[in-house]
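Chains as they are written, first to last, in UniProt numbering: chain P, 1 to 290; chain W, 1 to 290. Heads up, the beta-carbon is just placed ideally off N, CA and C, and yes, glycines get one too. Reading through the structure tokens given below for one structure.
2 protein chains.
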Amino acid sequence: MSAHPRLSLNQASIKYAPLQEALTATAEAGITSIGLWREPVADVGLPKATELVAASGLRVSSLCRGGFITASDHAARTAALDENRRAIDETAALAHAGAEGSAAVLVLVAGGLPDRDTDLRGARERVQDAIGHLVEHAHGAGVMLAVEPMHPMYAADRGVISTLGQALDIAEPFPANTVGVVVDAFHIWWDPEVFDQIARAGAQGRIASYQVNDWITPLPADSLLARGVMGHGHIDLPRLTQAVLAAGYTGDVEVEIFNQQLWDMPYQQAASLIAAQFDAIAMPKPNTAP
Amino acid sequence: MSAHPRLSLNQASIKYAPLQEALTATAEAGITSIGLWREPVADVGLPKATELVAASGLRVSSLCRGGFITASDHAARTAALDENRRAIDETAALAHAGAEGSAAVLVLVAGGLPDRDTDLRGARERVQDAIGHLVEHAHGAGVMLAVEPMHPMYAADRGVISTLGQALDIAEPFPANTVGVVVDAFHIWWDPEVFDQIARAGAQGRIASYQVNDWITPLPADSLLARGVMGHGHIDLPRLTQAVLAAGYTGDVEVEIFNQQLWDMPYQQAASLIAAQFDAIAMPKPNTAP
């Protein structure tokens with residue numbers, strides 16, 4: 001059984017799997033790349049995690065996630081920057097442990113508004129400022145910081161960066177090999193400017209990650225679990241994928257789905273469903289593939 | 001008891017009130033203007049509704065709502081256009097029945113994607129095309145069509161127009177006295193371009209309605225009821241109001257809140273709470289007010 005050669009399974013899609021089981025389920029579904037999360041890595045410790053990743057033979061496509069850098073008080077801000085430096089080091093170690101073609105990409109979720117604070121512009125400015133404080137460390141570690149614009153429904157409490165254009169505005173002062181953006185279908189599919197901004201991101205060499213999933217309706221009660229499997233929702237994924245590829249993105253394509261039904265499946269069944277829908281909808285195999 | 005002279009109570013904020021009770025609750029809270037909905041008007045019939053409105057002495061600030069013009073099949077599309085022509089006529093009649101300063105504004109909600117259709121761009125183009133079919137009728141009736149950009153979380157199933165900039169792009173080919181836009185805080189507060197687009201809308205004379213409310217977290221299970229009373233959430237309303245006024249908007253300011261707790265209050269208590277929070281947060285009274 002072999003999945004699309006550019007498919008990467010983001011660990012969040014099989015959230016309950018400990019690291020070893022996630023690596024196994026991914027490989028057994030014929031998938032050759034994985035997007036890791038810090039929590040299951042921390043559960044076994046970084047040294048053990050790098051061993052398991054190396055033994056798996058899988059590529060590592062990204063580490064989720066750093067960020068949460070909108071705090072306005074000094075102590076919380078300093079702590080967040082330190083935490084991000086640790087995340088940068090983990091990203092480098094895990095990508096190094098992964099198979100050839102791994103990407104040292106740390107996904108950054110901006111964070112929401114501080115409590116009782118309505119100054120959205122101020123929070124957005126602090127995100128850019130914080131990235132400025134992290135760039136040197138990231139560059140030294142060979143890690144690309146990937147700013148993830150989040151769906152506007154999360155602007156208040158999770159991610160104040162709301163569009164791909166805004167993420168690129170934030171990234172632009174920094175070197176393109178160190179600060180890029182995430183193109184996550186769920187977060188950006190609705191944006192009237194999305195195709196222009198994908199082209200802009202590609203022209204700058206800043207597409208650090210492309211993640212696919214789908215937007216399902218009705219919106220589930222827990223809006224954090226509102227994602228569906230590709231083909232189950234309303235996103236024109238073939239067109240989005242075409243735009244990302246046309247913009248020059250050559251990396252792995254992650255499937256990242258927060259969905260209770262998917263989480264309730266046996267891990268390998270979930271991985272196989274994802275691989276099948278990825279081929280059918282998100283990224284049909286090229287005719288020239290073996 | 002007297003509320004802010006520019007406050008209008010949108011009927012959706014006291015959703016369960018029949019028309020007469022809504023008019024009474026509004027007036028008894030010292031509010032001098034009301035935003036009407038078609039359903040409670042239809043419940044008593046348009047002739048009776050105009051009588052009740054005239055007897056109330058209130059201004060009418062808008063009628064909600066027309067639109068739902070994204071269908072791709074011919075019959076559904078024709079039916080939607082006919083329905084919108086009826087809504088235009090109702091808008092004219094109700095504004096005429098209202099007190100001096102009433103506004104003949106019909107709020108248009110675009111509608112979502114047709115079933116199993118992922119062509120968002122096509123749906124958006126059909127909205128503009130439909131408005132083109134309605135403009136002459138609206139102009140003849142003296143009614144302003146107000147395109148409402150909706151929060152992107154509704155893009156799939158309710159409103160494919162997602163930003164103020166996009167609503168203005170759609171309105172731009174048409175006369176500014178017939179096609180305008182709605183600035184609804186809940187829908188647009190997160191937009192990095194919102195202040196530029198408010199200025200653009202004002203410069204074109206296209207702000208047909210300004211609606212206030214708040215974005216509360218956590219997002220309630222029913223995302224349609226995710227609005228809070230001004231001051232209970234994360235929107236910087238003073239800044240937004242300042243921008244709308246600076247852009248030259250001189251009309252009534254509607255409070256439109258879909259919120260189960262508000263709906264469960266006695267109507268006049270809800271209206272009074274709204275009037276108080278409007279003064280405190282959304283639009284402090286000018287010092288020159290009596």
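Exposed or buried, what is residue i when buried is set at 16 or more other beta-carbons lying within 10 Å of its beta-carbon?
{"i": "residue 154 (chain P)", "result": "buried"}
{"i": "residue 148 (chain P)", "result": "buried"}
{"i": "residue 291 (chain P)", "result": "No answer is possible for residue 291 (chain P): it lies beyond the span of chain P, which begins at 1 and ends at 290."}
{"i": "residue 14 (chain W)", "result": "buried"}
{"i": "residue 256 (chain P)", "result": "buried"}
{"i": "residue 234 (chain P)", "result": "buried"}
{"i": "residue 140 (chain W)", "result": "exposed"}
{"i": "residue 269 (chain W)", "result": "exposed"}
{"i": "residue 290 (chain P)", "result": "Note that residue 290 (chain P) scores a pLDDT of 42, beneath 50, so its modelled location is shaky and nothing firm can be said."}
{"i": "residue 112 (chain P)", "result": "buried"}
{"i": "residue 58 (chain P)", "result": "buried"}
{"i": "residue 158 (chain P)", "result": "buried"}
{"i": "residue 51 (chain P)", "result": "exposed"}
{"i": "residue 261 (chain P)", "result": "exposed"}
{"i": "residue 75 (chain W)", "result": "exposed"}
{"i": "residue 38 (chain W)", "result": "buried"}
{"i": "residue 272 (chain P)", "result": "buried"}
{"i": "residue 100 (chain W)", "result": "exposed"}
{"i": "residue 65 (chain W)", "result": "buried"}
Should residue i and residue j be called a contact, given that it needs their Cβ atoms to be closer than 8 Å?
{"i": "residue 12 (chain W)", "j": "residue 69 (chain W)", "result": "no"}
{"i": "residue 162 (chain P)", "j": "residue 103 (chain P)", "result": "no"}
{"i": "residue 143 (chain W)", "j": "residue 92 (chain W)", "result": "yes"}
{"i": "residue 88 (chain P)", "j": "residue 137 (chain P)", "result": "yes"}
{"i": "residue 275 (chain P)", "j": "residue 3 (chain P)", "result": "yes"}
{"i": "residue 182 (chain W)", "j": "residue 206 (chain W)", "result": "no"}
{"i": "residue 127 (chain W)", "j": "residue 170 (chain W)", "result": "yes"}
{"i": "residue 119 (chain W)", "j": "residue 119 (chain P)", "result": "no"}
{"i": "residue 230 (chain W)", "j": "residue 6 (chain W)", "result": "no"}
{"i": "residue 9 (chain P)", "j": "residue 36 (chain P)", "result": "no"}
{"i": "residue 33 (chain P)", "j": "residue 252 (chain P)", "result": "yes"}
{"i": "residue 201 (chain P)", "j": "residue 168 (chain P)", "result": "yes"}
Spatial neighbours of residue i within its chain, please: CB distance less than 8 Å, with the 5 preceding and 5 following residues excluded, ordered by chain position.
{"i": "residue 135 (chain P)", "result": "145, 174, 175, 178 and 179"}
{"i": "residue 81 (chain P)", "result": "69, 130, 133 and 134"}
{"i": "residue 17 (chain P)", "result": "11, 25, 40 and 267"}
{"i": "residue 85 (chain W)", "result": "134 and 137"}
{"i": "residue 27 (chain W)", "result": "56, 57 and 58"}
{"i": "residue 228 (chain P)", "result": "213, 214, 215, 216, 257 and 259"}
What are the start and end residues of the beta strand (DSSP E) that includes residue i?
{"i": "residue 211 (chain W)", "result": "207-212"}
{"i": "residue 263 (chain W)", "result": "Residue 263 (chain W) -> not in any beta strand (DSSP E); alpha helix (DSSP H) instead, spanning 260-263."}
{"i": "residue 193 (chain P)", "result": "Segment: none, residue 193 (chain P) is in no beta strand (DSSP E) and carries neither H nor E."}
{"i": "residue 9 (chain P)", "result": "7-10"}
{"i": "residue 65 (chain P)", "result": "59-67"}
{"i": "residue 83 (chain P)", "result": "Premise fails: residue 83 (chain P) lies in the alpha helix (DSSP H), 74-97, not in any beta strand (DSSP E)."}
{"i": "residue 105 (chain W)", "result": "105-109"}
{"i": "residue 253 (chain W)", "result": "253-255"}
Name the two residues that bound the continuous alpha helix (DSSP H) containing residue i.
{"i": "residue 184 (chain P)", "result": "It is not in any alpha helix (DSSP H) - residue 184 (chain P) instead sits in the beta strand (DSSP E) that spans 179-184."}
{"i": "residue 39 (chain P)", "result": "38-44"}
{"i": "residue 146 (chain P)", "result": "No alpha helix (DSSP H) contains residue 146 (chain P), which is instead part of the beta strand (DSSP E) from 144-148."}
{"i": "residue 160 (chain W)", "result": "Run containing residue 160 (chain W): none; DSSP gives neither H nor E here."}
{"i": "residue 292 (chain P)", "result": "Since the first residue shown for chain P is 1 and the last is 290, residue 292 (chain P) is missing from the structure and cannot be characterised."}
{"i": "residue 21 (chain P)", "result": "19-28"}
{"i": "residue 125 (chain W)", "result": "120-141"}
{"i": "residue 244 (chain W)", "result": "237-246"}
Go through its chain and collect everything with a Cβ distance to residue i's Cβ below 7 Å, but skip five positions before and after it.
{"i": "residue 288 (chain W)", "result": "With a pLDDT of 46 at residue 288 (chain W), under the threshold of 50, the modelled position of this residue cannot be trusted, and the question is left open."}
{"i": "residue 46 (chain W)", "result": "90 and 93"}
{"i": "residue 208 (chain P)", "result": "105, 144, 146, 180, 181 and 182"}
So is the beta-carbon of residue i under 7 Å away from any non-hydrogen atom of the ligand GTP?
{"i": "residue 88 (chain P)", "result": "Judged by which ligands are present, the structure shown has none, so any question about the ligand GTP falls away."}
Note down, in chain order, each residue of its chain lying with its Cβ closer than 6 Å to the Cβ of residue i, except the 5 sequence neighbours on either side.
{"i": "residue 124 (chain W)", "result": "160"}
{"i": "residue 97 (chain P)", "result": "50, 53 and 54"}
{"i": "residue 195 (chain P)", "result": "243"}
{"i": "residue 199 (chain W)", "result": "247"}
{"i": "residue 254 (chain W)", "result": "8, 10, 35, 61 and 211"}
Select from the stretch 101-120 of chain W all residues with a C-beta closer than 7 Å to any C-beta belonging to chain P, and list them in chain order. 113, 118, 119 and 120
Closer than 7 Å between beta carbons: that is the criterion. Which residues of the stretch 125-156 of chain W meet it against chain P? 151, 152, 153, 155 and 156
To be precise: take each residue of the stretch 157-169 of chain P, compare its Cβ to all Cβ atoms of chain W, and keep it if any distance is under 7 Å. Which residues remain? 157, 162, 163 and 166
Against chain P: residues of the stretch 171-191 of chain W by CB proximity under 8 Å: 189, 190 and 191
What are the residues in the stretch 68-91 of chain P lying within 9 Å of chain W by C-beta distance? none
Select from the stretch 220-253 of chain P all residues with a C-beta closer than 7 Å to any C-beta belonging to chain W, and list them in chain order. 221, 223, 234, 235 and 236
Under 8 Å (Cβ pairs) to chain W, residues found in the stretch 206-219 of chain P: 215, 217, 218 and 219
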